[in-house]
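**Student:** Got a structure here, written out as structure tokens. Questions coming.
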Amino acid sequence: MRLVSFPRYAPEFADTAHRYYASHFASVLGVLREAGCRIAFFEPTLSHQSSRTHFHLECGRASLLFDISDYHDTSVGAEIAQSDAVFKFHYSRALHSCYPKIFAFSPVSFHNWSEYRGLVREIEYRAKGLVLCNQTPHTQNAARRRYVRSLLRETYGPQFDGTLTTQIEFWRKIEHALISVCVPGARLDILDRGQLQYMAFGACTVSPRLSIDLPNSEPLIPDFHYLECRSDWQDLVEKIEWARTHAQQCVEIGLNAKALFARALTPEALFQWVTDSVVGLKS
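Written as structure tokens, this is what we have:
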């Protein structure tokens, strides 16, 4: 069993250095626990100027830096030099492959993996039913999410579902959905948690092009893992109407996404990727 030394949560830094501890830090911690690691917490040295999107941990004898930022910028210089490897959420091969120590890591997907494993055997996507768009508008995505929800409500009326529900009810919507429209959050080309979860359960989603690469050099392929629409949403209704007459192709896209998730983004797959990446650097 691999021993991992992980930073303990510091509530006094909840608004600064540990702002994302309950979501992004916890996502990494959950992956490590599910992969069978033994966790020992250490007290991190922090100030209110400490980065809230980077944190270090020790995995065996390897010092790892996790970059949880939603944006393309990443750790440089001393931070990389002090780490054996860097694992970045929302990694782009085009932008980050010039740094030999930086590797892709999964965006946040699930915190309760046993819940996922139970539901993935139950939820079946059939590409029949409602047009979904169930993300909360906030901060930098508020205008585009409100615009898309308004467009869909106006176009599809009672065949549109934009309601906000509990987590499990959100996942269960897949069983009665034609397609899920996903409006990215921090960036227009980002893979959000909701879209990734729907992919994991085998649903066909539609969004603008997603410009990230996944662990094991897995690309997200438009119209194979998800349907791509224009970034101004002008062809969104056209894409939805295509889905209405191509149910089998939508089911296949959902299954492709589900297989990608199982292959590259489960805790076991992610931990193996981390291990192989570190070993590869040292060999």
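Okay, so the sequence shown: first residue is 0 according to numbering that gives the first Met the number 0, each after it adds one.
We put the CB at the ideal spot given by N, CA and C, even for glycine.
On a predicted model such as this, the values are computed, not experimentally measured, just so you know.
Report the rounded CA-to-CA distance for Phe-102 versus Tyr-90, giving the unit in angstroms.
**Tutor:** The alpha-carbon atoms of Phe-102 and Tyr-90 are separated by roughly 7 angstroms.
**Student:** Does Ala-176 come out as helix, strand or coil in the three-state DSSP assignment?
**Tutor:** Reduced to three states, the DSSP call for Ala-176 is strand.
**Student:** For a quick check, are the C-beta atoms of Asn-133 and Thr-162 less than 9 angstroms apart?
**Tutor:** Contact flag set, yes.
**Student:** Would you give the residue range spanned by the beta strand (DSSP E) that Arg-37 belongs to?
**Tutor:** Here the beta strand (DSSP E) through Arg-37 covers 37 to 41.
**Student:** Hey, would you say Ala-63 sits closer than 9 angstroms to Ala-80, going by beta carbons?
**Tutor:** One detail in the question is off: residue 63 reads as Leu in this sequence, not Ala. Contact: no.
**Student:** Within the continuous beta strand (DSSP E) that includes Glu-57, where are the two ends?
**Tutor:** Counting along the chain, the beta strand (DSSP E) containing Glu-57 begins and ends at 53 to 58.
**Student:** Sorry if obvious, but does the Cβ on Ser-50 come closer than 8 angstroms to a heavy atom of the ligand ZN?
**Tutor:** This structure does not include the ligand ZN; it has no bound ligands of any sort.
**Student:** In chain order, which continuous runs of the alpha helix (DSSP H) of length 4 or greater are located wholly inside the segment 67 to 112?
**Tutor:** Correct list: 77 to 80, 92 to 95.
**Student:** When DSSP labels each residue in this structure, what does Glu-217 get in the three-state scheme?
**Tutor:** In the structure shown, Glu-217 sits in a strand (DSSP, three-state: E or B).
**Student:** Assuming Leu-2 is part of the beta strand (DSSP E), what are its boundary residues?
**Tutor:** Run containing Leu-2: 2 to 6, per the beta strand (DSSP E) assignment.
**Student:** As a quick exercise: from Tyr-197, Val-236, Asp-188, Gly-156, pick the residue whose alpha carbon is nearest that of Glu-168.
**Tutor:** Nearest option by C-alpha distance: Tyr-197.
**Student:** Give the range of the beta strand (DSSP E) segment to which Val-130 is assigned.
**Tutor:** First-last of the beta strand (DSSP E) with Val-130: 129 to 131.
**Student:** Output the boundary residues of the alpha helix (DSSP H) element that contains Thr-204.
**Tutor:** Not the alpha helix (DSSP H): Thr-204 falls in the beta strand (DSSP E), residues 204 to 206.
**Student:** Just checking my contact of Val-30 with Phe-270 at CB under 8 angstroms: how many whole Å lie between their CB atoms?
**Tutor:** The pair is a contact, with the Cβ atoms about 7 angstroms apart (cut-off 8 angstroms).
**Student:** Is the beta carbon of Trp-284 sitting closer than 9 angstroms to the one on Tyr-146?
**Tutor:** There is no way to answer for residue 284, as the model of the chain reaches only from 0 to 282.
**Student:** Name, in chain order, the residues that DSSP records as bridge partners for Asp-231.
**Tutor:** According to DSSP, Asp-231 bridges with nothing at all.
**Student:** Quick one: give me the first and last residue of the alpha helix (DSSP H) that Arg-148 is part of.
**Tutor:** Here the alpha helix (DSSP H) through Arg-148 covers 141 to 155.
**Student:** In its own chain, which residues sit with a C-beta less than 8 angstroms from the C-beta of Glu-153, not counting the 5 before and 5 after it?
**Tutor:** Excluding residues within five positions, none has a Cβ falling inside 8 angstroms.
**Student:** Among the candidates Pro-136, Asn-255, Asp-14, whose CA atom is the shortest distance from the CA of Asp-222?
**Tutor:** It is Asn-255 whose Cα lies nearest to the Cα of Asp-222.
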